[in-house]
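Enquirer:
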Amino acid sequence: MAEQKSIHGLWRSRWLFILAATGSAVGLGNIWKFPYITGENGGGAFVLVYLACICVIGIPVMIAEVTLGRLGRQSPINTMHALVKDQNAAKFWGGIGWMGAVSGFLILSFYSVIAGWSLAYIFRMAGGAFDGATAQSVGTIFGDLLGNPEALLGWHTIFMVLTIGIVARGVNKGLERSISILMPLLFLILVVLLGYSMSTEGFGAAFNFLFSFDFSKITAESIVVALGHAFFTLSLGMGAIMAYGAYMPKSASVGKTVLTVAFLDTLIALVAGLVIFPIVFSNGLEAGAGPGLLFQTLPLAFSQMPAGTVFGTLFFLLVAFAALSSAISLGEPVVAWAVESKGMSRVAAATWIGIVIWLLGVGTILSFNLWADFKIFGRTIFDNLDFLTANILLPLGGLLIAIFVGWVMHKQDVADEVKMESPFMYNVWRFLVKFVAPVAVAIVLINGLI
Numbered sequence: 001m002a003e004q005k006s007i008h009g010l011w012r013s014r015w016l017f018i019l020a021a022t023g024s025a026v027g028l029g030n031i032w033k034f035p036y037i038t039g040e041n042g043g044g045a046f047v048l049v050y051l052a053c054i055c056v057i058g059i060p061v062m063i064a065e066v067t068l069g070r071l072g073r074q075s076p077i078n079t080m081h082a083l084v085k086d087q088n089a090a091k092f093w094g095g096i097g098w099m100g101a102v103s104g105f106l107i108l109s110f111y112s113v114i115a116g117w118s119l120a121y122i123f124r125m126a127g128g129a130f131d132g133a134t135a136q137s138v139g140t141i142f143g144d145l146l147g148n149p150e151a152l153l154g155w156h157t158i159f160m161v162l163t164i165g166i167v168a169r170g171v172n173k174g175l176e177r178s179i180s181i182l183m184p185l186l187f188l189i190l191v192v193l194l195g196y197s198m199s200t201e202g203f204g205a206a207f208n209f210l211f212s213f214d215f216s217k218i219t220a221e222s223i224v225v226a227l228g229h230a231f232f233t234l235s236l237g238m239g240a241i242m243a244y245g246a247y248m249p250k251s252a253s254v255g256k257t258v259l260t261v262a263f264l265d266t267l268i269a270l271v272a273g274l275v276i277f278p279i280v281f282s283n284g285l286e287a288g289a290g291p292g293l294l295f296q297t298l299p300l301a302f303s304q305m306p307a308g309t310v311f312g313t314l315f316f317l318l319v320a321f322a323a324l325s326s327a328i329s330l331g332e333p334v335v336a337w338a339v340e341s342k343g344m345s346r347v348a349a350a351t352w353i354g355i356v357i358w359l360l361g362v363g364t365i366l367s368f369n370l371w372a373d374f375k376i377f378g379r380t381i382f383d384n385l386d387f388l389t390a391n392i393l394l395p396l397g398g399l400l401i402a403i404f405v406g407w408v409m410h411k412q413d414v415a416d417e418v419k420m421e422s423p424f425m426y427n428v429w430r431f432l433v434k435f436v437a438p439v440a441v442a443i444v445l446i447n448g449l450i
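Residue numbers (the numbering used here): 1 to 450.
1) Determine the direct distance from the alpha carbon of I189 to that of L28, and round the result to whole angstroms.
2) Starting from Y247, follow the alpha helix (DSSP H) in both directions and report where the run begins and ends.
3) Measure how close the beta-carbons of G147 and T309 come, nearest whole angstrom, since I'm counting them as under 8 angstroms.
4) Can you tell me the Cα-Cα spacing of G343 and V138, whole angstroms?
5) From F368 to W352, what distance separates their C-alpha atoms?
6) Pick helix, strand or coil for I376, following the three-state DSSP scheme.
7) Closer than 8 angstroms is the cut-off here; do at least three beta carbon pairs connect the stretch 225-240 with the stretch 390-400?
8) Would you kindly work out how many angstroms separate the C-alpha atoms of F34 and G228, rounded to a whole number?
9) Quick one: grab the DSSP three-state call for L360.
10) Using three-state DSSP, classify A89 as helix, strand or coil.
11) Quick one: give me the first and last residue of the alpha helix (DSSP H) that A101 is part of.
12) Return yes when the Cβ of A402 is within less than 8 angstroms of the Cβ of A82, no when it is not.
13) Under 8 angstroms, do L186 and S325 count as touching if we go by C-beta distance?
14) Please list, in chain order, all residues of the same chain as F377 whose beta carbon is under 8 angstroms from its beta carbon, the five residues on each side excluded.
15) So for E3, helix, strand or coil by DSSP?
16) Quick check: L19 and M125, are their CB atoms within less than 8 angstroms of each other?
17) State yes or no: is the C-beta of G23 within less than 8 angstroms of the C-beta of K217?
18) Taking 8 angstroms as the threshold (C-beta atoms), are M242 and G94 in contact?
19) Nearest by alpha-carbon distance to M425: which of L259, I276, K375 is it?
20) Considering K411, what are the terminal residues of the alpha helix (DSSP H) in which it resides?
21) Which residue comes first and which comes last in the alpha helix (DSSP H) that contains H8?
22) Among residues of its own chain, excluding the 5 on either side of S103, which ones have a beta-carbon nearer than 8 angstroms to its beta-carbon?
23) Rounded to the nearest angstrom, what separates R346 and G97 at their Cα positions?
24) Cα separation between G448 and S222?
25) Can you confirm whether the stretch 195-208 touches the stretch 358-372 when touching is taken to mean that 3 or more C-beta pairs between the two stretches lie within less than 8 angstroms?
26) Quick check: what's the CA-CA separation for T219 versus Y36?
27) Which residues mark the beginning and the end of the alpha helix (DSSP H) in which V452 is found?
28) Closest Cβ-Cβ distance between W352 and chain B: below 8 angstroms?
29) Look at A262 and G58 and say whether their C-beta atoms are less than 8 angstroms apart.
30) Would you decide whether T11 is buried or exposed? Buried here means 16 or more other CB atoms lie within 10 Å of its CB.
31) S367 by DSSP, collapsed to three states: which one?
32) Confirm, please, whether the CB-CB distance from I268 to N452 is below 8 angstroms.
33) For M168, which of helix, strand or coil comes out of DSSP?
34) Apart from the five residues just before and just after G44, which ones in its own chain have a Cβ nearer than 8 angstroms to its Cβ?
35) Could you give the C-beta distance for S303 and A151, rounded to a whole number, given that I count them as a contact under 8 angstroms?
36) What is the rounded straight-line gap between the Cα of L274 and the Cα of L194?
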């Protein structure tokens with residue numbers, strides 16, 4: 001395929017791509033979901049299974065998605081149209097780009113609402129709302145927030161303005177500049193919180209919980225959960241990685257770069273566990289507390305520890321930074337498409353698309369209060385959006401990416417773009433992306449539907 005040029009610009013270095021892709025991958029999933037699913041599935045043995053899944057599914061599919069993006073050098077939608085034409089493939093495969101862009105669009109609409117909770121908690125924590133709190137009062141604070149549509153709308157609006165404001169400024173002035181500030185700050189806050197957690201009496205128990213291996217606690221369901229999270233944590237199938245791959249310098253090694261991103265993403269998830277679980281264990285709380293761990297269990301723990309207000313505020317600042325770094329990657333694919341295909345300026349594209357996403361987010365806000373009893377297929381608007389994206393669109397998109405790269409594209413085109421130095425490693429990757437990853441992602445898809 002003839003070399004394409006991106007009209008949006010390129011990352012100035014391989015490391016900026018790594019920071020951007022890591023920022024996309026590091027979101028609420030690392031800081032919120034990974035610790036609690038680890039807690040629910042037995043700790044260290046689950047971590048080992050999860051790491052294996054990252055290696056056999058996450059990394060191979062991510063290499064495939066970055067490869068598609070760098071070959072096409074456009075938004076995921078136009079990249080897939082160009083590749084389908086170049087490879088003489090059936091037009092059906094062009095749907096991969098649409099599926100990814102629509103997934104990111106829908107996810108951002110409710111992700112922004114939940115990220116808004118973290119903004120609200122920064123100010124509540126800093127303002128002393130949790131000082132001396134009890135389990136009941138913490139639950140009341142969270143319940144009052146969810147029951148207040150005006151407050152949720154305000155925080156959702158602020159988060160969307162921040163996200164779209166960054167995307168509107170483009171690859172270099174917007175995405176690159178924000179990522180080069182957000183990610184170092186995120187790492188710094190994480191290190192500070194880790195230092196604090198290491199000083200607590202629960203650190204030893206937390207370390208053993210995360211890194212001691214009891215395989216008797218691993219079930220078939222645990223393996224499927226690990227498969228699913230390994231896939232979703234790297235932002236696969238939602239257009240973000242393909243869009244970011246389009247801005248990746250030609251000189252950068254796809255394989256080495258993706259390995260670095262996967263390593264950093266996994267490291268941050270593990271460090272987040274070492275930040276959260278010592279606090280949980282030191283206060284005699286439940287490790288498998290589920291989604292409430294972030295907004296109910298941890299605020300209670302912070303309220304009972306020395307300097308809890310300071311560390312609690314830092315923690316929710318970390319959550320907000322992680323959410324914002326992911327959110328901008330979700331907005332980029334659709335905005336890039338509007339600029340390419342509709343002739344819009346980046347500011348106009350980001351503004352109009354941001355307004356539509358914001359409006360869709362109102363449905364999620366109302367799902368927690370005024371429309372809580374309004375159900376479609378037995379689910380609220382938020383639950384339907386979550387189910388459609390997490391259980392259908394993302395795994396289906398990832399499955400099709402693996403099949404397209406492994407089976408449909410010309411073998412030489414793939415080899416020329418991936419450019420792995422070791423023929424053995426290239427053959428291992430090709431085997432994984434052709435045979436192992438499609439089967440594993442299909443299991444995730446079928447399990448999600450069942």
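Ideal Cβ positions, reconstructed from N, Cα and C, are used throughout, including at glycine.
Owing to the predicted nature of the structure, the values given are computational and were not obtained by experimental measurement.
Expert: On the basis of the data shown:
1) Here residue 28 corresponds to residue number 28 of the sequence shown, with the count starting at 1. Here residue 189 corresponds to residue number 189 of the sequence shown, with the count starting at 1. Between the alpha carbons of L28 and I189 lies a gap of roughly 15 angstroms.
2) As a working note, residue 247 is residue 247 in the sequence shown. Neither: Y247 is in no alpha helix (DSSP H) and is coded neither H nor E.
3) For the purposes of this step, residue 147 is taken as residue 147 along the sequence shown, with counting starting at 1. For the purposes of this step, residue 309 is taken as residue 309 along the sequence shown, with counting starting at 1. About 25 angstroms; that fails the 8 angstroms criterion.
4) Indexing the sequence shown from 1 puts residue 343 at position 343. Indexing the sequence shown from 1 puts residue 138 at position 138. If you take the alpha carbons of G343 and V138, they lie about 49 angstroms apart.
5) Reading the sequence shown from its first residue, position 368 is the one you call residue 368. Reading the sequence shown from its first residue, position 352 is the one you call residue 352. About 26 angstroms.
6) As a working note, residue 376 is residue 376 in the sequence shown. DSSP places I376 in the strand class (E or B) of the three-state scheme.
7) Between the stretch 225-240 and the stretch 390-400 there are three or more C-beta pairs closer than 8 angstroms, enough to call the two in contact.
8) As a first step, residue 34 must be located in the sequence shown, where it is residue number 34. As a first step, residue 228 must be located in the sequence shown, where it is residue number 228. In this structure, the alpha-carbon of F34 lies about 11 angstroms from that of G228.
9) One-based indexing of the sequence shown puts residue 360 at position 360. Reduced to three states, the DSSP call for L360 is helix.
10) Within the sequence shown, numbered from 1, the residue matching residue 89 stands at position 89. The answer is coil: DSSP assigns A89 none of H, G, I, E or B.
11) The residue labelled residue 101 in the question sits at position 101 within the sequence shown. Per DSSP, the continuous alpha helix (DSSP H) segment holding A101 begins and ends at 95-126.
12) Stepping through the sequence shown from its first residue, residue 82 is reached at position 82. Stepping through the sequence shown from its first residue, residue 402 is reached at position 402. Going by C-beta atoms, A82 is not nearer than 8 angstroms to A402.
13) Sequence index remark: in the sequence shown, residue 186 carries index 186 (1-based). Sequence index remark: in the sequence shown, residue 325 carries index 325 (1-based). Using a Cβ distance threshold of 8 angstroms, L186 and S325 count as a contacting pair.
14) Counting from 1 along the sequence shown, the entry for residue 377 is found at position 377. Cβ neighbours of F377 beyond the five flanking positions: N384.
15) As a working note, residue 3 is residue 3 in the sequence shown. Coil, per DSSP.
16) Sequence index remark: in the sequence shown, residue 19 carries index 19 (1-based). Sequence index remark: in the sequence shown, residue 125 carries index 125 (1-based). Cβ atoms of L19 and M125: not closer than 8 angstroms.
17) Residue 23 sits at position 23 when you count from the first residue of the sequence shown. Residue 217 sits at position 217 when you count from the first residue of the sequence shown. For G23 and K217, no; Cβs fall outside 8 angstroms.
18) The residue given as residue 94 occupies position 94 in the sequence shown. The residue given as residue 242 occupies position 242 in the sequence shown. No, they are not a contact pair.
19) Position 425 of the sequence shown holds residue 425. Of L259, I276, K375, the residue nearest in Cα terms is L259.
20) As a position in the sequence shown, residue 411 is number 411, starting the count at 1. Judged by DSSP secondary structure, K411 falls within the alpha helix (DSSP H) whose first and last residues are 411-418.
21) For the purposes of this step, residue 8 is taken as residue 8 along the sequence shown, with counting starting at 1. In the DSSP assignment, H8 falls outside any alpha helix (DSSP H), carrying neither H nor E.
22) Counting from 1 along the sequence shown, the entry for residue 103 is found at position 103. The answer, listed in chain order, is G237, M238, G239, T389, L393, L394, G397.
23) Here residue 346 is taken as the residue at index 346 of the sequence shown, counted from 1. Here residue 97 is taken as the residue at index 97 of the sequence shown, counted from 1. Taking the straight line joining both Cα atoms gives about 20 angstroms.
24) Counting from one through the sequence shown, the residue named residue 448 turns up at place 448. Counting from one through the sequence shown, the residue named residue 222 turns up at place 222. C-alpha separation (whole angstroms): 13 angstroms.
25) When C-beta atoms of the stretch 358-372 are compared with those of the stretch 195-208, fewer than three pairs fall below 8 angstroms, so the two segments do not count as touching.
26) Position 219 of the sequence shown, counted from the start, is the residue given in the question as residue 219. Position 36 of the sequence shown, counted from the start, is the residue given in the question as residue 36. Separation of T219 and Y36 (C-alpha to C-alpha, rounded to the nearest whole angstrom) is 16 angstroms.
27) Because the chain spans 1 through 450 in this model, residue 452 falls outside it and cannot be assessed.
28) The chain inventory of the structure shown lacks chain B, comprising one protein chain alone.
29) Position 262 of the sequence shown, counted from the start, is the residue given in the question as residue 262. Position 58 of the sequence shown, counted from the start, is the residue given in the question as residue 58. For A262 and G58, yes; Cβs fall inside 8 angstroms.
30) Within the sequence shown, residue 11 is the residue found at index 11, counting from 1. A small correction: the amino acid at residue 11 is Trp; Thr does not occupy that position in the sequence shown. Taking all protein chains shown into account, W11 has 16 or more neighbouring C-beta atoms within 10 Å of its C-beta and is therefore buried.
31) Here the question's residue 367 lines up with position 367 in the sequence shown. If DSSP states are grouped into helix, strand and coil, S367 belongs with the helices.
32) Past the boundaries of the shown model lies residue 452; the chain is included only from 1 to 450, so the question cannot be answered.
33) Counting from one through the sequence shown, the residue named residue 168 turns up at place 168. Going by the sequence as given, residue 168 is Ala instead of Met. Of the three classes helix, strand and coil, the one that applies to A168 here is helix, per DSSP.
34) Looking up residue 44 in the sequence shown gives position 44. Excluding sequence neighbours, G44 sits near N208, F209, L210, F211, S212, F213, D214.
35) By one-based count along the sequence shown, residue 303 stands at place 303. By one-based count along the sequence shown, residue 151 stands at place 151. S303 to A151, Cβ: 21 angstroms. No contact.
36) Counting from 1 along the sequence shown, the entry for residue 274 is found at position 274. Counting from 1 along the sequence shown, the entry for residue 194 is found at position 194. Going by the C-alpha atoms only, they are around 7 angstroms apart.
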